[in-house]
Amino acid sequence: MPDVKNFENRLAQLNAWWGKITLIGKINSHNVAATILDDMNRTQNKFGELQQKLTHNLLYENVQKLVLDNASKAQVAIDLLIRNLFERTADVGFLATDSDIRVFLAERQPSQQQIDFIETRLQEYVKKYSVYDEIMVFDTQGQLKAHLDKSSPVTFSDDPLLAQTLSSTDDYVETFRYTDLQPNRRHSLIYSCKITETDQKTSKPLGVLCLCFRFDDELQGIFFNLLNREDNGILTILSTDGQVIASSDEQRVPLKAKFSANTPLRINSYQAKDYITNTRQTSGYQGFFGLGWYGQMMTPLDQAFSGGHTASQRSDFAGIMEQASSFPQELRNIRKASADINADLGLLVLNGQIASARKNAAEFMPVLEAIKQIGSDIANIFTASVNRLQEVTVMSSHLNNAGFLAALAVDIMDRNLYERANDCRWWALTSAFRENLARPALSPADKRQISEILQYINALYTVYTNLYVYNAHGEILAVSDSKQTQWVGTAVDAASGALAALQNSDSQKYSVSPFVNTHLYQNRHTYIYNAAITDLTDPNKVLGGIGIVFDSEPQFSAMLLETLPRDENGQLLEHCFAVYTDRNKTIIAVANRPDLKVGDALILDDRFFSLPNGQHSSDIIQYGEQNYVLGMAASKGYREYKTADGYQNDVLALVFIPF
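Here the sequence shown is numbered in this note's numbering, starting from 1 and rising by one per residue.
Have a look at this one:
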């Protein structure tokens, strides 16, 4: 730790000089009472005791900062992955009930045309849910009936996961290991589900659906976002038995390396190198914990504290930190004790000067002045060290944490809304919707069928308050929510995003309403995602569309609440809050601040809303009557969502942590 070494070296030099000057005083000043020099020695010893306390605190705060930073990265790495995988469990269960796949598997010998149709449909799925690199449809005998990866040699498999899935009563089976389903991969993460004739679990099995997750690709994205360029650490994901299954640096920590996963914090040796290691269990997501994996952050001990800290340019941090309850009381005490000892030394020097004058010991005066100066220098070093600890270690820890939490909040939002864009486009391809809307006129039975499908989907995907289908004229034909049937027969709102969907037959395109209040969400603010429903025989012909109403109020608030800091008892830090806004300062969501309302403006300086996409930052501000560490981050999208799909909607996350 350069700061600690510098502190100790400077004090050692001054202490050595003090000792030499005291010795000179003893040799040359016999006329002065020895008690004065003894008192000065005791003062020097007090400084020495204080030095040990400050050294301990410097070490503690530097280690604490590293440990907290590393623990956050390990925790976020595993929790982001688990959130993503939770969505996959819903995907496989829903796709396994797809009527087209059921019809296909019911054929004893499907034609090439039927195979092409199913594989085209699966390709459409992966174009939207781009987290998969392969989808496989097996019959009950292990014969591969349809899939996407044409480079794969697989035509048959007797991998145990197929038999396990067929015999399972669970909604899905999650498998991570090497498998002959993907023989060219070193490992695969596969979500499999039994395909049955009907939605009844006891109905006749037709086969098995396997969704192959892009595991390595996803983890490299998570690692890249969490590690800075100057970061010396290595992020890994560990299996339940402590084996590395993903690594940010496979040269230093390869796959299959083994660690103890049961110790949250330790110093361990790996390949003759010592590491400070943080290991974190997942917090889970909506009761889903995956396969019991861990996130782990390892920092080489010899590089852990070598990075140069940059002192803040803010000159008022010291004053702010003095008011901060989070600034360690012991450091305040050390700074005060240093000043008190130096004041006592000043009195001793004054007494010595008076005694020297009485005894005509002029030769002792320079000794006293030199000791006084050394005492002043020592006190200044203590003050400077505490101030630097404030600004560089404690303060930067708060600032880094706030920026990190804001970046996490906006990343969670992007990842969540990526799924919403996928959902609307995939559901628009439902064959029953396309067939019914192609009819010259819809019968009550047709509309009832559409409504029943919407209800089934909405029961599985509860992040929506309503799903509705409309025709090419914008007339709502069916809804999923039985309490909102009054909208059936009415025209879609111009602000719902439907009109843009009706003008684009591309199955990859979607439209989103602006974030405004709408009668489709009980006159509250939300996003409505739309996609065109096209003709099965002529995909360029738009027959209508689907609108899905996101339940933004609880969903966005929950995302923000998850990222707010908590104390050791898991309780939110008092008075902290978080906000999503657009670049015009309009509040999209708020957590833990009842006086701020969705749709209102967040009154903050303009500069906080001009942050470039994908960037995060932090600052100290006063909001109301309170000082806050403000973390802010601007959205950048996730995979192709808001990066390559033409949709632009910048969102900022702002996290307020009080002092």
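Even glycine gets a Cβ: it sits at the ideal position worked out from N, Cα and C.
Distance check for Ala409 and Leu572, CA to CA, integer angstroms please.
Numbered from its first residue, the sequence shown carries residue 572 at position 572. Numbered from its first residue, the sequence shown carries residue 409 at position 409. Answer to the nearest angstrom: the Cα atoms are 16 Å apart.
What three-state label does DSSP hand Ala311 in the structure shown?
Here residue 311 is taken as the residue at index 311 of the sequence shown, counted from 1. Only weak support exists for where Ala311 lies, its pLDDT of 43 falling under 50; the value from the coordinates is given anyway. Reduced to three states, the DSSP call for Ala311 is coil.
Helix or strand or just coil, what does DSSP make of Ile453?
Looking up residue 453 in the sequence shown gives position 453. Three-state result, Ile453: helix.
Could you spell out the range, first to last residue, of the alpha helix (DSSP H) harbouring Lys145?
Here residue 145 refers to the residue found at position 145 when the sequence shown is read from its first residue. Per DSSP, Lys145 belongs to no alpha helix (DSSP H); it is in the beta strand (DSSP E), 144-147.
Whole angstroms is fine: what's the gap from Leu454's alpha carbon to Gln281's?
Residue mapping note: residue 454 aligns to position 454 of the sequence shown, counting from 1. Residue mapping note: residue 281 aligns to position 281 of the sequence shown, counting from 1. Inter-residue distance for Leu454 and Gln281 is about 37 Å (C-alpha atoms, whole angstroms).
Identify, in the order they occur along the chain, each residue of the same chain with its Cβ nearer than 8 Å to the Cβ of Ser431, setting aside the five sequence neighbours on each side.
In the sequence shown, the residue the question calls residue 431 occupies position 431. Same-chain partners within the cutoff: Ser99, Asp100, Leu536.
Check whether the Cβ atoms of Gly631 and Val651 sit closer than 7 Å, and answer yes or no.
Sequence index remark: in the sequence shown, residue 631 carries index 631 (1-based). Sequence index remark: in the sequence shown, residue 651 carries index 651 (1-based). In this structure, Gly631 keeps its C-beta atom at 7 Å or more from the C-beta atom of Val651.
Taking DSSP as the reference, what is the three-state secondary structure of Asp274?
Here the question's residue 274 lines up with position 274 in the sequence shown. Strand at Asp274.
Would you call Gln296 buried or exposed, if buried means 16 or more other Cβ atoms sit within 10 Å of its Cβ?
Walking along the sequence shown from the start, residue 296 turns up at place 296. By the 10 Å Cβ count, Gln296 comes out buried.
Are Gly93 and Asp171 close, meaning C-beta to C-beta below 7 Å?
Within the sequence shown, numbered from 1, the residue matching residue 93 stands at position 93. Within the sequence shown, numbered from 1, the residue matching residue 171 stands at position 171. Yes; because the gap between Cβ atoms is below 7 Å, this pair is in contact.
Could you tell me the distance, in whole angstroms, from the CA atom of Gln112 to the CA atom of Phe86?
Walking along the sequence shown from the start, residue 112 turns up at place 112. Walking along the sequence shown from the start, residue 86 turns up at place 86. If you take the alpha carbons of Gln112 and Phe86, they lie about 34 Å apart.
Do you know offhand how far Arg266's Cα is from Arg108's?
Here residue 266 refers to the residue found at position 266 when the sequence shown is read from its first residue. Here residue 108 refers to the residue found at position 108 when the sequence shown is read from its first residue. About 58 Å.
Limits of the alpha helix (DSSP H) - the one that His616 falls within
Taking the first residue of the sequence shown as 1, we reach residue 616 at position 616. Run containing His616: none in the alpha helix (DSSP H); it sits in the beta strand (DSSP E), 616-623.
Expressed to the nearest angstrom, what Euclidean distance is found between the alpha-carbon atoms of Asp103 and Asn458?
Within the sequence shown, residue 103 is the residue found at index 103, counting from 1. Within the sequence shown, residue 458 is the residue found at index 458, counting from 1. Residue 103 is actually Val in this sequence, not Asp. Those two C-alpha atoms are separated by around 23 Å.
For Pro658, which three-state DSSP category applies?
Residue mapping note: residue 658 aligns to position 658 of the sequence shown, counting from 1. Assigned with DSSP and collapsed to three states, Pro658 falls in strand.
Just to confirm my understanding: we take Leu122, look at its own chain, exclude 5 residues before and 5 after, and list those with CB closer than 7 Å. What are they?
Here residue 122 corresponds to residue number 122 of the sequence shown, with the count starting at 1. Contacts found: Ile135, Ala146, Leu148.
For Arg524, three-class secondary structure by DSSP
For the purposes of this step, residue 524 is taken as the residue at position 524 of the sequence shown. Correct three-state label for Arg524: strand.
Within 7 Å of any Cβ in chain B, is that where the Cβ of Thr202 sits?
No chain B is present in this structure, which holds just one protein chain.
Report all residues from its chain with a CB closer than 7 Å to the CB of Gln164; omit the five preceding and five following residues, and keep chain order.
As a working note, residue 164 is residue 164 in the sequence shown. Counting only Cβ-Cβ distances below 7 Å, and skipping sequence neighbours, we find Val173.
Which residue wins for smallest C-alpha separation from Lys509, given the options Ala478, Asn613, Ala445, Tyr641?
Counting from 1 along the sequence shown, the entry for residue 509 is found at position 509. Measuring from the Cα of Lys509, the nearest candidate turns out to be Tyr641.
Let me make sure I understand the geometry here. Which of Ile374, Leu543, Glu475, Thr299 has the alpha-carbon closest to that of Lys65?
Here residue 65 refers to the residue found at position 65 when the sequence shown is read from its first residue. Nearest C-alpha to Lys65: Thr299.
What's the call for Gly570, buried or exposed, on a 16-neighbour Cβ count within 10 Å?
Position 570 of the sequence shown, counted from the first residue, corresponds to residue 570. Around the beta carbon of Gly570, a 10 Å sphere encloses fewer than 16 other beta carbons of the protein chains shown; the residue is thus reported as exposed.
Compute every distance between the C-beta of Tyr172 and the non-hydrogen atoms of the ligand COA, then say whether any falls below 6 Å.
As for the ligand COA, it is missing from this structure, which has no ligand bound.
Below 8 Å on the Cβ atoms is my contact criterion, and I expect Ala501 with Asn471 to pass it. Report the Cβ-Cβ distance as a whole number of Å.
Residue numbering aside, residue 501 sits at position 501 when the sequence shown is read from its first letter. Residue numbering aside, residue 471 sits at position 471 when the sequence shown is read from its first letter. Not really, about 12 Å apart at Cβ, beyond 8 Å.
Under the three-state reduction of DSSP, which class applies to Phe556: helix, strand or coil?
In the sequence shown, residue 556 corresponds to position 556, counting from 1. Residue state for Phe556 is assigned as helix, using DSSP reduced to three classes.
Neighbourhood of Ala498 by C-beta, 7 Å cutoff - its chain only, sequence neighbours within 5 removed
The residue given as residue 498 occupies position 498 in the sequence shown. Result list for Ala498: Tyr470, Gly474, Val492, Asn530, Gly545, Gly547, in chain order.
Spatial neighbours of Glu197 in its chain, beta-carbon cut-off 7 Å, leaving aside the 5 residues before and after
Stepping through the sequence shown from its first residue, residue 197 is reached at position 197. Closer than 7 Å at the Cβ level, and outside the excluded window around Glu197, lie Arg102, Ser203, Lys204, Leu206.
Suppose the cutoff is 6 Å on Cβ atoms and the five residues either side in sequence are ignored; what does the same chain contact list for Ile234 look like?
In the sequence shown, residue 234 corresponds to position 234, counting from 1. Only Ser248, Asp249, Arg252, Val253, Met298 meet the Cβ criterion.
Length of the line joining the Cα atoms of Ala337 and Val367:
Position 337 of the sequence shown, counted from the first residue, corresponds to residue 337. Position 367 of the sequence shown, counted from the first residue, corresponds to residue 367. Computed Cα separation, rounded: 24 Å.
From Ile588 to Tyr580, what does the alpha carbon distance come to, in whole angstroms?
Translated into positions along the sequence shown, residue 588 becomes position 588. Translated into positions along the sequence shown, residue 580 becomes position 580. Taking the straight line from one Cα to the other gives about 5 Å.
From Gly142, Ser152, Pro153, pick the residue whose C-alpha is nearest to that of Leu161; which is it?
By 1-based counting over the sequence shown, the position of residue 161 is 161. Closest option to Leu161, Cα to Cα, is Gly142.
Minimum C-alpha distance to Ser480 - residue among Tyr464, Ala494, Thr490, Ala379:
Locating residue 480 in the sequence shown gives position 480, where the first residue counts as 1. Of the candidates Tyr464, Ala494, Thr490, Ala379, the one whose C-alpha sits nearest the C-alpha of Ser480 is Tyr464.
From which residue to which residue does the alpha helix (DSSP H) around Val194 run?
Locating residue 194 in the sequence shown gives position 194, counting from the first residue. The sequence shown places Lys at residue 194, not Val. Segment 188-196 is the beta strand (DSSP E) holding Lys194; no alpha helix (DSSP H) there.
Quick check on DSSP: helix, strand or coil for Phe259?
Start at 1 with the first residue of the sequence shown, and residue 259 comes out as number 259. Coil.
Considering Cα atoms alone, identify which of Ala438, Ala441, Phe433 is closest to Gln449.
If you number the sequence shown from 1, residue 449 lands on position 449. Of the listed residues, the one whose Cα sits closest to Gln449 is Phe433.
Leu158 versus Ala74 - alpha carbon distance:
Residue mapping note: residue 158 aligns to position 158 of the sequence shown, counting from 1. Residue mapping note: residue 74 aligns to position 74 of the sequence shown, counting from 1. Note that residue 158 is Asp in the sequence shown here, rather than Leu. A straight line joining the alpha-carbon of Asp158 with that of Ala74 spans about 37 Å.
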